[in-house]
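So the structure is just underneath, and the comments pick up after that.
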Amino acid sequence: MARFKRILLKLSGESLMGQKQFGIDEQHLAEYAQQIKDAHEMGIQICIVIGGGNIFRGLSGTGKGIDRVKGDQMGMLATTINSLALSSALTVAGVCNQVLTAIRMEPIGEFYTKWKAIDAMEQGKVVIIACGTGSPYFTTDTGSSLHGIEVEADVMLKGTRVDGIYTADPEKDPTATKFNDITYEEVLRRDLKVMDLSAICMCKDNNFPIYVFNMDVTGNLHKVLAGEDIGTLVHN
Ligand code: UDP
Numbered sequence: 407m408a409r410f411k412r413i414l415l416k417l418s419g420e421s422l423m424g425q426k427q428f429g430i431d432e433q434h435l436a437e438y439a440q441q442i443k444d445a446h447e448m449g450i451q452i453c454i455v456i457g458g459g460n461i462f463r464g465l466s467g468t469g470k471g472i473d474r475v476k477g478d479q480m481g482m483l484a485t486t487i488n489s490l491a492l493s494s495a496l497t498v499a500g501v502c503n504q505v506l507t508a509i510r511m512e513p514i515g516e517f518y519t520k521w522k523a524i525d526a527m528e529q530g531k532v533v534i535i536a537c538g539t540g541s542p543y544f545t546t547d548t549g550s551s552l553h554g555i556e557v558e559a560d561v562m563l564k565g566t567r568v569d570g571i572y573t574a575d576p577e578k579d580p581t582a583t584k585f586n587d588i589t590y591e592e593v594l595r596r597d598l599k600v601m602d603l604s605a606i607c608m609c610k611d612n613n614f615p616i617y618v619f620n621m622d623v624t625g626n627l628h629k630v631l632a633g634e635d636i637g638t639l640v641h642n
């Protein structure tokens with residue numbers, strides 16, 4: 407029995423690189439698609455927001471003469487490239503899916519609305535929302551919070567390369583310990599880099615829980631959905 411009916415799955419662009427320095431590792435992508443297929447077969451409605459950091463981030467362009475808004479638009483196009491790649495991988499894996507875009511760009515994907523996303527999920531499709539919020543100065547973490555709340559998901563599952571939230575960066579500080587659960591308040595007080603401030607505040611204000619886990623271990627998405635406590639829950 408799965409513990410959620412509908413989830414918002416956030417995947418970072420960087421995690422698509424696998425062992426590469428840039429772009430998309432096809433094997434890694436196929437592995438993600440298999441985990442999502444497995445989750446879909448558990449009967450869970452799935453909405454995915456994927457980042458673009460493996461291709462471009464707006465902030466990285468500002469020191470190099472690229473206007474911030476144009477840079478962020480480039481970043482949102484990067485999320486679209488990743489969304490299309492994930493969509494293809496899901497199709498190859500036999501999972502019905504649909505890409506919606508938060509910036510109008512048919513025929514790449516239909517323009518996102520809450521109702522289109524919910525309808526598609528109720529028809530059994532995995533929905534991928536590209537372009538984050540559709541506005542500059544935000545990130546796909548905020549896009550995930552916004553869309554997760556809009557589509558009335560039960561939780562945001564944030565798939566990362568670490569197995570949860572620690573008191574400090576475990577790669578730099580060997581004494582760092584992991585939280586099984588933590589409040590938004592504590593995340594803010596300790597200034598833990600879980601997600602950007604706008605995203606955390608939005609989840610806190612709307613009582614939308616976040617579960618951080620390591621998506622790079624095969625089978626972990628299934629474990630989270632089956633109720634195993636392998637990550638960190640952030641809540642009010
Ligand atoms: N972006 C944006 N608005 C959004 C979402 C993303 O402007 O609502 C841009 C921003 O430049 C960001 C880039 O797209 O740096 C890629 O997204 P993100 O950094 O969240 O990707 P991730 O770190 O998850 O790979």
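Per the numbering used here, the sequence shown starts with residue 407, numbered consecutively. We treat Cβ as the ideally placed atom computed from N, Cα and C, and that holds for glycine.
For residue i versus residue j, is the C-beta spacing smaller than 7 Å?
i	j	result
Ile456	Thr497	no
Cys609	Ala523	no
Lys584	Tyr572	yes
Gly459	Glu420	yes
Met448	Leu631	yes
Ile430	Leu422	yes
Leu490	Ile535	no
Ala495	Leu414	no
Val640	Ile588	yes
By the DSSP assignment, the alpha helix (DSSP H) with residue i in it spans what residues?
i	result
Lys564	Run containing Lys564: none in the alpha helix (DSSP H); it sits in the beta strand (DSSP E), 561–566.
Asp422	Before going further, note that residue 422 is Leu rather than Asp in the sequence given. Where Leu422 is concerned, there is no enclosing alpha helix (DSSP H), given that its DSSP letter is neither H nor E.
Arg595	590–595
Ala582	It is not in any alpha helix (DSSP H) - Ala582 carries neither H nor E in the DSSP assignment.
Thr468	464–468
Please state whether DSSP places residue i in a helix, a strand or coil.
i	result
Glu558	coil
Asp547	helix
Asn620	strand
Asp525	helix
Ala445	helix
Lys610	helix
Lys647	Outside the shown range of the chain, which is 407 to 642, sits residue 647, and nothing can be said about it.
Hey, does residue i have any beta-carbon neighbour from chain D nearer than 7 Å?
i	result
Gly424	Of the chains in the structure shown, none is chain D; there is only one protein chain.
With distances taken Cα to Cα, identify the nearest neighbour of residue i among the options.
i	options	result
Val618	Arg595, Asp597, Val568	Val568
Ser541	Leu552, Val533, Lys531	Leu552
Gly477	Ile442, Phe544, Gly633	Phe544
Lys411	Lys578, Glu558, Asp579	Glu558
Thr624	Gly424, Gln441, Gln425	Gln441
Ile509	Ser493, Asn488, Lys531, Gly538	Gly538
Which term fits residue i, buried or exposed, when burial requires 16 or more other beta carbons within 10 angstroms of its beta carbon?
i	result
Phe517	exposed
Arg463	buried
Cys502	exposed
Phe614	buried
Asp547	buried
Gly637	buried
The beta strand (DSSP E) with residue i in it runs from where to where?
i	result
Ile487	No beta strand (DSSP E) holds Ile487; the alpha helix (DSSP H) holding it covers 474–498.
Lys629	No beta strand (DSSP E) holds Lys629; the alpha helix (DSSP H) holding it covers 626–632.
Leu598	Leu598 -> no beta strand (DSSP E), and no H or E assigned at all.
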